[in-house]
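Chemist: Right, I'll just put the structure down here and ask away after.
Below you can see the structure in the form of structure tokens.
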């Protein structure tokens, strides 16, 4: 049995804590914020996420609040034409053995948090900002901002895209600013006209912009996310922005797209960032996970899914036979990083490519894109996402209930 320090109490950190605790290890989760809570709005969960959630023991709870959508729709944002639609019902669920769903981030986070609080071997400490770590043959020590420290046998850095653990382990500076600005709003579904209440994740693609919307909160709210390729060069996170400004940033919208965008209230804005893939996720007793290891743009809707997969893979390698010695822990962390690198690096790069090749082309390039997508059959579209949605580390579908 070992004592594992998890730095970061977000989705990835709590999932890692659960996964490792289920192997019989003690876990302490250090969260820099004053409380364990998840900010943000909607999030998409593919079958691979539900496979991981079932392995973590919280799949049923997440399903209870999820909206199980019928299809992903790709629309031409200026003409209003539906270019392609990927069905997510019978054939999709039979093939991937789990649903595709959308949830509020809190409806994913809270089941993980409740499970951690109920786990006898997990200790949750808020207001514990880690500033660095040191290690030797005996263990690893996390240094906190208040001058105290926490010691364990291994450390998992799950502290996000601006990870303190990564800064020491990799030292690759600030994240890459994508040049894309996203505006987000969540509104009560009762404010949405009946003819715009679709059980689909719908993406409207326009010249240097795209707009995504879907229901969350069990169908009680509509999540809106509108993105501009505006060459933004400075990172921004969650700043309030006037409704008039958001509307002015999206000229040339079709009638339906404009109606949807005009529904938004209390908008907030972010400038999207990611990092280049790197292989060095480990340093002796220390490893990275989730956005600390492989932050990606939202365009493949896989950031949280990848973190959940990481957590399961990590727990399986730090199994009950793993003791606290460096010779036992370090090779397992190295194998975890090696096993996860190719898949997560591909997801990072595919997400970038989707933002340029699929979502933002104009003119002739947009016509070529539309022709390519519209020619794909339902089976073709399912084949395209097989590598993402059909994944489990064992190579088998091991998910739970199909909904």
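Residue numbers (the working numbering): 7 to 409.
In this text, a Cβ means the ideal position worked out from N, Cα and C, and glycines have one as well.
By how many angstroms is the C-alpha of residue 39 removed from the C-alpha of residue 343?
Modeler: Residue mapping note: residue 343 aligns to position 337 of the chain shown, counting from 1. Residue mapping note: residue 39 aligns to position 33 of the chain shown, counting from 1. The alpha-carbon atoms of residue 343 and residue 39 are separated by roughly 27 Å.
Chemist: For residue 408, count neighbouring C-beta atoms within 10 Å of its own C-beta (all shown protein chains included) and say buried if the count is 16 or more, exposed if not.
Modeler: Walking along the chain shown from the start, residue 408 turns up at place 402. Only weak support is given to the placement of residue 408: the predicted model assigns it a pLDDT of 34, under 50, and the value that follows is read from those uncertain coordinates. Classification of residue 408: exposed, given that the 10 Å Cβ count is below 16.
Chemist: When the Cα atoms are used, what is the spatial distance from residue 363 to residue 387?
Modeler: On the chain shown, position 357 is the one that residue 363 refers to. On the chain shown, position 381 is the one that residue 387 refers to. Rounded to whole angstroms, residue 363 to residue 387 spans 17 Å at the Cα level.
Chemist: Give the DSSP-derived three-state secondary structure of residue 56 in the structure shown.
Modeler: By one-based count along the chain shown, residue 56 stands at place 50. Reduced to three states, the DSSP call for residue 56 is helix.
Chemist: How is residue 113 classed by DSSP in three states: helix, strand or coil?
Modeler: Along the chain shown, read from residue 1 onward, the residue named residue 113 stands at position 107. Reduced to three states, the DSSP call for residue 113 is helix.
Chemist: Report the residue from 28, 392, 187, 231 whose alpha carbon sits nearest the alpha carbon of residue 122.
Modeler: On the chain shown, position 116 is the one that residue 122 refers to. It is 28 whose Cα lies nearest to the Cα of residue 122.
Chemist: Which residues bound the alpha helix (DSSP H) around residue 411?
Modeler: Any question about residue 411 goes unanswered here, given that the chain covers just 7 to 409.
Chemist: Look at the alpha carbon of residue 287 and the alpha carbon of residue 301, and state the distance between them as a whole number of angstroms.
Modeler: For the purposes of this step, residue 287 is taken as residue 281 along the chain shown, with counting starting at 1. For the purposes of this step, residue 301 is taken as residue 295 along the chain shown, with counting starting at 1. Rounded to the nearest angstrom, the two C-alpha atoms are 12 Å apart.
Chemist: With residue 139 and residue 149 assumed to form a contact (beta carbons below 8 Å), what rounded beta-carbon distance in angstroms separates them?
Modeler: Position 133 of the chain shown, counted from the first residue, corresponds to residue 139. Position 143 of the chain shown, counted from the first residue, corresponds to residue 149. The Cβ separation is near 7 Å, so the contact holds.
Chemist: Drop a sphere of 10 angstroms on the beta-carbon of residue 272, count the other beta-carbons inside from all chains shown, and report buried for 16 or more, exposed for fewer.
Modeler: Position 266 of the chain shown, counted from the first residue, corresponds to residue 272. Flag for residue 272 reads exposed.
Chemist: Is the region 99 to 115 in contact with the region 74 to 84, if contact means three or more CB pairs nearer than 8 Å?
Modeler: The answer is yes - the region 74 to 84 touches the region 99 to 115, with three or more Cβ pairs under 8 Å.
Chemist: Can you tell me whether residue 85 is helix, strand or coil according to DSSP?
Modeler: Walking along the chain shown from the start, residue 85 turns up at place 79. In this structure, residue 85 counts as coil in the three-state DSSP scheme.
Chemist: Using 8 Å as the cut-off, can you tell me whether the region 179 to 197 makes contact with the region 336 to 352, which would need three or more C-beta pairs spanning the two stretches below that distance?
Modeler: Cβ pair count under 8 Å is below three, so no.
Chemist: Per DSSP, which one or two residues make a beta bridge with residue 50?
Modeler: By one-based count along the chain shown, residue 50 stands at place 44. According to DSSP, residue 50 bridges with 108.
Chemist: Would you kindly work out how many angstroms separate the C-alpha atoms of residue 350 and residue 15, rounded to a whole number?
Modeler: The count along the chain shown starts at 1 and reaches residue 350 at position 344. The count along the chain shown starts at 1 and reaches residue 15 at position 9. Going by the C-alpha atoms only, they are around 21 Å apart.
Chemist: For residue 240, which residues of its own chain have a beta-carbon under 8 Å away from its beta-carbon, when the five flanking residues on both sides are left out?
Modeler: The residue given as residue 240 occupies position 234 in the chain shown. Excluding positions up to five away in sequence, the list reads 183, 277.
Chemist: In its own chain, which residues sit with a C-beta less than 8 Å from the C-beta of residue 353, not counting the 5 before and 5 after it?
Modeler: Sequence index remark: in the chain shown, residue 353 carries index 347 (1-based). Excluding positions up to five away in sequence, the list reads 300, 302, 306, 308, 312, 394.
Chemist: Are the CB atoms of residue 293 and residue 162 nearer to each other than 8 Å?
Modeler: Taking the chain shown and counting its residues from 1, one reaches residue 293 at position 287. Taking the chain shown and counting its residues from 1, one reaches residue 162 at position 156. Taking 8 Å as the Cβ cut-off, residue 293 and residue 162 qualify as a contacting pair.
Chemist: For the region 311 to 327 against the region 16 to 24, do three or more pairs of beta-carbon atoms, one drawn from each stretch, fall closer than 8 Å, so that the two count as touching?
Modeler: Contact between the region 311 to 327 and the region 16 to 24 is present, because at least three Cβ pairs lie under 8 Å.
Chemist: For the alpha helix (DSSP H) that residue 252 lies in, which residues bound it at each end?
Modeler: On the chain shown, position 246 is the one that residue 252 refers to. 249 to 254 is the span of the alpha helix (DSSP H), which, as asked, contains residue 252.
Chemist: Report yes or no: do three or more beta-carbon pairs, one from the region 261 to 271 and one from the region 214 to 231, lie closer than 8 Å?
Modeler: In short, these stretches touch, since the Cβ pair count reaches three.
Chemist: So what does residue 228 bridge to, in DSSP terms?
Modeler: To locate residue 228, count along the chain shown from 1; it is residue 222. 193, 221.
Chemist: Just verifying my parser: in three-state terms, what is the DSSP assignment at residue 186?
Modeler: Locating residue 186 in the chain shown gives position 180, counting from the first residue. Residue 186: strand per DSSP, three-state reduction.
Chemist: For the alpha helix (DSSP H) that residue 245 lies in, which residues bound it at each end?
Modeler: Counting from one through the chain shown, the residue named residue 245 turns up at place 239. Run containing residue 245: none in the alpha helix (DSSP H); it sits in the beta strand (DSSP E), 243 to 246.
Chemist: Opposite residue 134 in the DSSP bridges: which residues?
Modeler: Here residue 134 is taken as the residue at index 128 of the chain shown, counted from 1. In the DSSP output, where bridge partners are listed per residue, residue 134 has none listed.
Chemist: Report, in whole angstroms, the separation of the C-beta atoms of residue 53 and residue 111, which I expect to be a contact under 8 Å.
Modeler: The residue given as residue 53 occupies position 47 in the chain shown. The residue given as residue 111 occupies position 105 in the chain shown. With a Cβ gap of about 19 Å, residue 53 and residue 111 do not count as contacting.
Chemist: Exposed or buried, what is residue 142 when buried is set at 16 or more other beta-carbons lying within 10 Å of its beta-carbon?
Modeler: As a first step, residue 142 must be located in the chain shown, where it is residue number 136. With fewer than 16 other Cβ atoms within 10 Å, it is exposed.
Chemist: If you count every other CB in all the chains shown that lies within 10 Å of the CB of residue 326, and 16 or more means buried, which is it?
Modeler: Your numbering for residue 326 matches position 320 in the chain shown. Under this definition residue 326 is an exposed residue.
Chemist: What does a CB cutoff of less than 7 Å around residue 402 pick up in its chain, not counting 5 residues either side in sequence?
Modeler: The sequence position of residue 402 within the chain shown is 396, counting from 1. For residue 402, the predicted structure reports a pLDDT of 44, less than 50, and the residue's modelled location is therefore unreliable. The matter cannot be settled from this model.
Chemist: Have a look at 226, 135, 259, 59 and flag the residue whose alpha-carbon is nearest the alpha-carbon of residue 41.
Modeler: For this step, residue 41 is matched to residue 35 along the chain shown. Checking every option, the nearest Cα to that of residue 41 belongs to 135.
Chemist: Quick one: does the C-beta of residue 131 sit closer than 7 Å to a heavy atom of the ligand FAD?
Modeler: Questions concerning the ligand FAD fall outside what the structure shown contains, since it holds no ligand whatsoever.
Chemist: Count the other C-beta atoms from every protein chain shown that fall within 10 angstroms of the C-beta of residue 274, then say buried if there are 16 or more, exposed otherwise.
Modeler: Mapped onto the chain shown, residue 274 falls at position 268. Flag for residue 274 reads buried.
Chemist: Taking CB distances under 8 Å as the criterion, tell me whether residue 274 reaches chain B.
Modeler: The displayed structure is made up of one protein chain only, and chain B is not part of it.
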